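Input: a single structure, listed below in structure tokens.
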Amino acid sequence: MEGLLATVNELQKLINLSHVKVDISLPQIVVVGAQSAGKSSVLESIIGKDFLPRGQGIVTRMPLIIQCHNNEEEFAIFQHLPDVIIKDFAKVRDEIIAETNKNAGSKKAIVGKPILLEIYSPLVVNITLVDLPGLTKNPVGDQPRNISALIEEMVLEYIKKENAIILAISPGNNDIANSDALKIARDVDPRGERTLGVITKLDIMDKGTSAISVLLGEEYPLTHGYVGVVCRSQDDINNNVSISDHLGEEAEFFSNNPDYSQIQDQAGIPYLTQRLQEILFEKLRQTLPRIKEGIDSQLEQRNRELENYGDPISENKALQQNIIIKIVDDYSRFLEEAVEGRTDKDDTGTKIRKILFTLFEDNLKKVNPMEEITDNEILEEIGSTNGIHGTLLIPGQSFRKLSKKTIESIRVPSFKILELVKESLLTLTQKISNPYFSRFKDLHRLICEITEKIIEDKYKNTYDMIKRIFDMEKNYINIHHPDFIGGRKAIEEIEALNENQLKFQASNLRAGLFSPNQNFEGLFKPFSTGLLSSQQAPAQSSPFPNNQKTQPFGQSPANKTIAANQSELKNIVLVRILVNSYFWIARKNIGDYVPKAIISFLIHDVQESLKDLLIAELLGEKFNEKLLDEGKIIPKKRKDCKEAIALLKGAKNILRNWNISNN
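Just so we're aligned, residue 879 is where the sequence shown starts under the numbering used here, counting upward by one.
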């Protein structure tokens, strides 16, 4: 037991001496109690020395962490005075007062910074004790009005840790139900599993009263129970009664008192010290495996962190440029892998694919090319042409004009997907992570700026290319295309339709319900079978996609034809068929070429040129040693990380050596 407690003390000392924080929560005994409950007397009795400040009101104003080392020679060392060995314990008291006044002022304020004190003595056992300010209800003197809350907050900060053993000190001459120590302990340890109760001042209780029921756990049970103690009175201290002499008087009190003689073997300071050792040892035995795992986990994490910080940057220009080249290479490779979908760290490639091949197609489907072409516009273009004789009913120039108008209807969705792909790439540039970026913020910013400029340049090239695609489609309307509808049969079919049938077809064509997958004859099949009368519009077997249905012609003002006669109505129907037919040819071409243009001239060109352009920019006129300036934060973090690794390795070695010595 002593070996393990000494090992943990060594571990605690290592942690206390470090300037960096690591998450090694070692079991320690935290002493809590109200002012004047006897905390100082109990602590001095356990340690066997007079060394704590005394006085009226709040005396302990900073946490005091006391590491006790069983040692033949007797002396004390403060962490803030590591080279000063103090053998006169009255000077220990003076230094506690001086350090408290230095940090908390000479008034009655409290501060959370702890004083770390090591005590070496043959009178002590290997334990760590934490003395905290006494709980109080009302401010005195210059104390803040919320002093009670401030002290409670400090106490809770220590006792809420699962590895804290709470030594709750309550005076026996007060009702246990009003104990401040037990009340605050219950807040963090409601089942009383890590609280040891100490009842003081048993010797000054009113005649006829006894705390035996409390000590037996009958009133307020705790897992570790209670220990009754009798500490020196102020009169004893004034008369220089030593702690060792008083321990004899304490033993005599419990032996002779009729109420407490039954528990005399489980009362007094020696028994309390023994119980603290036992509880601390058991807690250590339970938590040591988790402590070891925590040290290993933090060591691994800190090593990764140090790797991210890298080594300090050399002043050699060639080495600096090599670092920039490596950063650029990693950056450009990640962008390419993200776009190509070769990494599970980013989904940009998936998003771009959906934009190009799903969203674009969906948006094209929403376009109705006939919506912007009115019957009046068609008749105006036909002009004075009468009848339906000839290859086209209207001059080629007029047909081209109407066809160009339908092609224009898909310009907006085409450029919209270009914009969306560009935004996806720009977003990706900001998401690319690299360990160096947290170190070299100026370099990161410049890489992002240059990459954004490259993307914008390639975007402009792609924009121009898509514009040319539209120019190509509009500059030459190829009526000889094999998919273009035409021929005498179409004209004959139209001439065979009556007025109601023509109106029905005009309505459907105007609504954009003619699919490029239909052959021309199929468009009129319902009328040529003889199954429909001249007064009916087809209700079933619709030749239009998905059996879509239209409103009866003439219900909406927008659908109302202005044709003066059946001849004009035939012209309107045929012109709409021809223009619509050519639109689908152009739509297919544009639907194919636009994604290809975006992939080739934006995505592919960015991937191909990014690395070379970045290196040329960064190592050219823009090269500056300050690009690799880490600032002040990263070097400090690297230094702290190295110290933390050294501490964790030291802790691991301490525990390993203990294992070896116990095997």
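Beta carbons: idealized from backbone N, C-alpha and C, even for Gly. Fair warning: this is a prediction, and the values are worked out from it, not measured in the lab.
Whether I988 touches G1172 by CB criterion (8 Å): no
Residue from E1486, L883, K899 and A915 whose Cα sits closest to the Cα of C1519: K899
Report the three-state DSSP secondary structure of H947 (helix, strand or coil). strand
Beta-carbon contacts of F1293 that lie in its chain and below 8 Å, excluding the five residues immediately before and after: Y1341 and I1344
Can at least three beta-carbon pairs, one atom from the stretch 1041 to 1050 and one from the stretch 940 to 954, be found at a separation below 8 Å? no
If you draw a straight line from the C-alpha of T1252 to the C-alpha of E1486, how long is it? 48 Å
Can you look up Q906 in the DSSP assignment and give me helix, strand or coil? strand
Could you check if R1317 is buried or exposed, using at least 16 other CB atoms within 10 Å of its CB as the buried criterion? buried
Under 8 Å between C-beta atoms of E996 and Q945: yes
Using CA atoms only, rank isn't needed, just tell me which of V1002, E1183, I1333 and A1196 is closest to P1513. E1183
What ranges does the alpha helix (DSSP H) occupy inside the stretch 1049 to 1105, keeping only unbroken runs of at least 4 residues that lie completely in it? 1058 to 1066 and 1090 to 1093
Ignoring anything shorter than 4 residues or poking outside the stretch 1166 to 1203, list the alpha helix (DSSP H) runs there in chain order. none
Where does G911 fall in DSSP's three states? strand
Can I1233 and L1298 be called in contact, C-beta distance under 8 Å? yes
Can you round the beta-carbon distance between A915 and S1048 to whole angstroms, since I take them to be within the 8 Å contact cut? 6 Å
Using three-state DSSP, classify T1329 as helix, strand or coil. helix
Contact check, L1034 vs V1066, beta carbons under 8 Å: yes
Which same chain residues end up closer than 8 Å to V909 when comparing Cβ atoms and leaving out the 5 residues on each side of it in sequence? K917, V920, L921, L1007, V1008, D1009, L1010, L1045 and I1047
Beta bridge counterpart(s) of L1549 as assigned by DSSP: As shown, the chain starts at 879 and ends at 1541. That puts residue 1549 outside it, with no answer to give.
Neighbour-count burial assignment, Y1354, 16 or more Cβ in a 10 Å radius: exposed
Could you have a look at S976 and say whether DSSP puts it in helix, strand or coil? Checking the sequence, you will find Ala at residue 976 rather than Ser. Reduced to three states, the DSSP call for A976 is helix.
Alpha-carbon to alpha-carbon, K1300 and P1313: 26 Å
From K1336 to A1196, what distance separates their C-alpha atoms? 31 Å
Between the Cα of P960 and the Cα atoms of A912, L892 and V1206, which residue gives the shortest distance? L892
Can you check DSSP and say which residues form a bridge with A1042? Q906
Quick check: the Cα distance between L1060 and S1091, rounded to an integer number of angstroms? 16 Å
Look at the Cβ atom of F1461, then the Cβ atom of S1281, and state whether they are nearer than 8 Å. yes
Put T938 into one of helix, strand or coil per three-state DSSP. coil
Compute the Euclidean distance between the alpha carbons of L895 and L1080, then round it to the nearest angstrom. 40 Å
Would A1216 be called buried (16 or more neighbouring beta carbons within 10 Å of its own) or exposed? buried
From the DSSP output, in three-state form, read off V1553 for me. A question about residue 1553 goes unanswered here, because the residues of the chain that appear run from 879 up to 1541.
Is the beta carbon of L1166 sitting closer than 8 Å to the one on I1005? no
Top-ranked residue by Cα proximity to L1304, from H1322, F1501 and E1327: E1327
Count the other CB atoms, across all protein chains shown, that sit within 10 Å of the CB of I1082; report buried if there are 16 or more and exposed otherwise. exposed
T1014 by DSSP, collapsed to three states: which one? coil
Boundaries (first-last residue) of the beta strand (DSSP E) holding F1009: In the sequence as displayed, the identity of residue 1009 is Asp instead of Phe. That run of the beta strand (DSSP E) goes T1006 to D1009.
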